[in-house]
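Everything on this sheet refers to the single structure shown next.
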Amino acid sequence: MNGQRIMVIDDENIVGKMLKAVLEQDGYNVETFLGGAPALARLQEERFDVVITDLKMKGIDGMEILLKVKKEWPETKVIMITAFAGLDAAVEALRGKVDDFFPKPVKIKDLKACIERLLSTP
Amino acid sequence: MKIVHKINLANISVIILIALTGFFAFENLNHVLTKLRFTEIADDLNASFLEMRLSEKNYFLYRDTSALAEISKKIGESMMTLESVKPDIIKATGEKNFEGLKSCLTRYLTEVDAVRDSAAQTVEMQAGVREAGQKLREFSDQITHLERSRVNEILSFSKRQLFSSLCFILIAAIGLRYMTFFKILKTLKQIKRVVVSISEGNFRPVETEIPDDELGSVMTAINAMSKELEDREEQILQSKKLASLGILTAGVAHELGNPLNNISMIAQTYMEVYDSLSKEDRIDFMVKIEEESHRIKHIVDNLLDFSRPKKSKSKIADLNDVVLRSLKLVQNMIHVCNVETSINLQEGLPPVFIDEDQILEVLINLMTNSLQASSRGDSLKIITRLLEGDEYIEITVEDTGKGIPHELLAHVFDPFFTTKGNSGTGLGLFVSYGIIKNHQGVMKVDSTEGVGTCFTIELPAYKANTEEEA
Ligand SMILES: Nc1ncnc2c1ncn2[C@@H]1O[C@H](COP(=O)(O)OP(=O)(O)OP(=O)(O)O)[C@@H](O)[C@H]1O
Ligand SMILES: [Mg+2]
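Residue numbers (the numbering used here), protein chains in the order written: chain C, 1 to 122; chain D, 123 to 592.
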């Protein structure tokens, strides 16, 4: 866990702030973005190990980010945060593509465990 | 009376007028014809009278007694002609003239016969003949002349009569038609007004008295239709309400989802990183939770607004005052946005029966939206006016902001519809719409992308005796 890079994308300011606080305490290197566009621009510059993104956002949404990341940088893990787990047809479409997803409200302990698991399996 | 009957009546009156005029003209013509017949006869008679006088002259010049016999014969003939055309003459000039003519002739005959029969043939007798002859000529000349002038009189009278009847018929025909059509047009106009108002969604029945004709049945039918439409609309509204309840619940779930997630995450993070937090950091965390709770409260408040029992605090108020109050409240924002505001409030508006705070909220919502859609240098116009019919007062809030794309226009009143991301709840217009609806009013929007947006509110004017139930 020394300096692995995590990107958090969510149009809710709080989500980024909180995840950054928790994950940085665990030694990750965290960057947060409020929208898909600047996040993708940043991804062009630098590799990230994990991308955590909200599904529903204005403009470029989580789905678009997932597809782009998996196509360009397949080794980057993607975790999706969704409003209604299981209800959304889009969630079905995510199965198999996304590395994991979390319904709101997000359990931070589970999320942390998930990141750990994803990063330890090569 | 039915319209068909009215038109028939008008037509029949005109036909009767024409027939009457024709009849009088015919009568006059008949009259003229009898007179002319008489003058013809009179001309014949005058000719033989002239011959008689010629024979008389011969007698006096040559003392030729055979001339006297000639006169007697001619008088006899004329007498016979006179008798044979007696009815014609009486008809033309009357019995008196006929008798007069006859007695002149008889007298002439007696005088001539007297001269013929007497051997002496005195000067007095001769003078008698001459005088009687002259009298006969004069008398017949006189009546012929008189009748001729009468013919002229009758003809010119007929001419005048025909002309004035023609004028009268024309005026009557036009007048009757105008009266009938004027009434029809008036009713049609009324019907048009009702139909237009129905097409605008006001299902108010026609209030004026309904005429007892075909248009009356049309109006009755329209009234029935608008009642039916009103019932249907209520049903549609009911199902729409259910639909919007669906949108609402989904929206509430989604809208509340975010702040709830935030609170949950703040709390979890707080526990996770508690040890490394300074006192200020901990307070900051709690402030954040407080903020998110406020966000939830805002959404819930708006929803409550929507479902709040209507008109809890309604009272009689002046709309212009409310407009001015709302302007004062957004004054600061107007200043910051640098938008030019103009107001045009019609004076002497009738009062309205409203919950002032709610209407204030609507106006502030509209103005806030306008200001948010405007940029530096745009303008905002607020107008109040009394609508035709004096029943509704209209408020328009018009801006020259960025406008609403055509495909979104239908959704602006939907709950949670917003283009402002997390800074808007999308409840402003939804709630406003509900408030106006609860006030028996109407709210409409018109917008062109890139040009501007105009929201229109119509509120019923307060009528002292009818609004008591509220
Ligand atoms: N005057 C306007 N000009 C352009 N767009 C408008 C105007 N008024 C409303 N809209 C559009 O309609 C949407 C819904 O408006 P509404 O007031 O219901 O919600 P909101 O303004 O987004 O949120 P809130 O009222 O809670 O701040 C707005 O997001 C905006 O896109
Ligand atoms: Mg608004």
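Just so it is clear, CB atoms sit at the ideal spot from N, CA and C, and this is done for glycine as well.
> What in chain D is Cβ-close to L30 of chain C, meaning under 9 Å?
Replying inline: Note that residue 30 of chain C is Val in the sequence shown here, rather than Leu. Ordered by position in chain D, no residue passes the 9 Å Cβ test against V30 of chain C, which lies about 12 Å from the chain.
| query | Around ligand 2, which residues pass a check of Cβ closer than 6 Å to any of its heavy atoms? | reply | In chain order, the residues positioned with their C-beta nearer than 6 Å to some heavy atom of ligand 2 are D:N487, D:T490, D:N491, D:G546, D:G550.
Looking at ligand 1, does it come within less than 8 Å of N424 of chain D, judged from the CB to the closest heavy atom?
At least one heavy atom of ligand 1 lies closer than 8 Å to the C-beta of N424 of chain D.
- prompt: Excluding five sequence neighbours on each side, which residues of the same chain lie with their C-beta closer than 6 Å to the C-beta of A295 of chain D?
  reply: Taken in chain order, the residues that qualify are V136.
- request: Just confirm the distance between the C-beta atoms of D235 of chain D and S194 of chain D, as a whole number of angstroms; I'd bet it's less than 8 Å.
  value: Contact holds; Cβ gap of about 6 Å.
task: Look up K320 of chain D in the DSSP assignment and say whether it is helix, strand or coil.
output: One detail in the question is off: residue 320 of chain D reads as Ile in this sequence, not Lys. I320 of chain D: helix per DSSP, three-state reduction.
9 Å is my cut-off, CB to CB: does M63 of chain C come that close to chain D? By this cut-off, M63 of chain C is not an interface position.
task: State whether the stretch 499-517 of chain D contacts the stretch 454-470 of chain D, with contact taken as three or more CB pairs (one from each stretch) at a distance under 8 Å.
output: Contact between the stretch 499-517 of chain D and the stretch 454-470 of chain D is present, because at least three Cβ pairs lie under 8 Å.
task = For M18 of chain C, return the contacting residues in chain D, with the cut-off set at a CB-CB distance below 7 Å.
result = Listed along chain D, the residues sitting closer than 7 Å to M18 of chain C by beta-carbon distance are M387, I388, T391.
- From the DSSP output, which residues share a beta bridge with A375 of chain D? DSSP, once it has assigned bridges, lists no residue as partnering A375 of chain D.
**Prompt:** Using a beta-carbon distance below 9 Å, is A37 of chain C in contact with chain D?
**Reply:** Residue-level contact by beta carbon fails for A37 of chain C and chain D, as no gap is shorter than 9 Å.
#### Entry: Cβ distance (whole Å) where V444 of chain D is taken to contact I481 of chain D below 8 Å
Indeed, because the Cβ distance is near 5 Å, the residues count as touching under 8 Å.
inquiry  = Going by beta-carbon coordinates alone, are L40 of chain C and I60 of chain C separated by less than 9 Å?
reply    = Yes, these two residues count as a Cβ contact at 9 Å.
DSSP three-state label for D423 of chain D, please. DSSP places D423 of chain D in helix when its eight states are reduced to three.
Item checked: Secondary structure of F539 of chain D, DSSP reduced to three states -> Correct three-state label for F539 of chain D: coil.
Inter-stretch contact (C-beta, 8 Å, three-pair minimum) for the stretch 6-18 of chain C and the stretch 382-400 of chain D: They touch, by the three-pair rule.
Is E12 of chain C close to chain D, meaning its C-beta is less than 9 Å from at least one C-beta of that chain? True, the Cβ-Cβ gap to chain D drops below 9 Å.
Next on the checklist: By the three-class DSSP mapping on this structure, what secondary structure does L34 of chain C have?
Outcome noted: Reduced to three states, the DSSP call for L34 of chain C is coil.
Other residues of its chain near L310 of chain D: CB distance less than 8 Å, five sequence neighbours each side excluded
The residues are L337.
Report the residues of the stretch 107-118 of chain C with a CB closer than 8 Å to any CB of chain D, ordered along the chain. Residues are counted here when their Cβ sits less than 8 Å from a Cβ of chain D; for the stretch 107-118 of chain C these are K107, I108, K109, given in chain order.
**Prompt:** Taking the alpha carbon of V474 of chain D as the point to measure from, which residue in D:R498, D:L508, D:E483 has its own alpha carbon closest?
**Reply:** The shortest C-alpha to C-alpha distance from V474 of chain D to any of D:R498, D:L508, D:E483 is the one to D:L508.
Chain C within 9 Å of K410 of chain D, Cβ atoms only = Chain C contact via Cβ: present.
Determine the burial state of N130 of chain D: buried for a count of at least 16 other Cβ atoms within 10 Å of its Cβ, exposed for fewer. Burial is judged here by how many other beta carbons sit within 10 angstroms of a residue's own beta carbon; N130 of chain D has fewer than 16 and is exposed.
Notebook entry, point to check: Would you call the stretch 521-538 of chain D and the stretch 557-576 of chain D in contact, with 3 or more CB pairs under 8 Å?
Noted result: The stretch 521-538 of chain D and the stretch 557-576 of chain D touch, with no fewer than 3 CB-CB distances between them shorter than 8 Å.
What separation, rounded to the nearest whole angstrom, lies between the Cα atoms of N442 of chain D and T506 of chain D?
For N442 of chain D and T506 of chain D, the gap between their C-alpha atoms comes out near 7 Å.
**OP:** Return helix, strand or coil for K314 of chain D, following the three-state DSSP convention.
**Re:** The answer is helix: DSSP assigns K314 of chain D an H, G or I state.
Next item on the list: Assign P333 of chain D to one of two classes, buried (16 or more other C-beta atoms within 10 Å of its C-beta) or exposed (fewer than that).
Entry: Counting of Cβ neighbours within 10 angstroms places P333 of chain D among the buried residues, the total reaching 16 or more.
Check D520 of chain D in the structure and name its three-state DSSP category.
-> Sequence check: residue 520 of chain D is Glu here, not Asp. Of the three classes helix, strand and coil, the one that applies to E520 of chain D here is strand, per DSSP.
Residues bridged to D568 of chain D by DSSP? D568 of chain D pairs with D:C576.
Exercise. Taking just the CA atoms, how far does M387 of chain D sit from I108 of chain C?
Worked result: In this structure, the alpha-carbon of I108 of chain C lies about 7 Å from that of M387 of chain D.
How about E414 of chain D: is its C-beta nearer than 9 Å to some C-beta of chain C?
Yes, its Cβ sits closer than 9 Å to a Cβ of chain C.
Subject >> Option in D:K542, D:G373, D:T161 with minimal Cα separation from N274 of chain D >> reply: Minimum Cα-Cα distance from N274 of chain D among the listed residues D:K542, D:G373, D:T161 corresponds to D:T161.
task: Report the three-state DSSP secondary structure of L581 of chain D (helix, strand or coil).
output: It is a strand residue.
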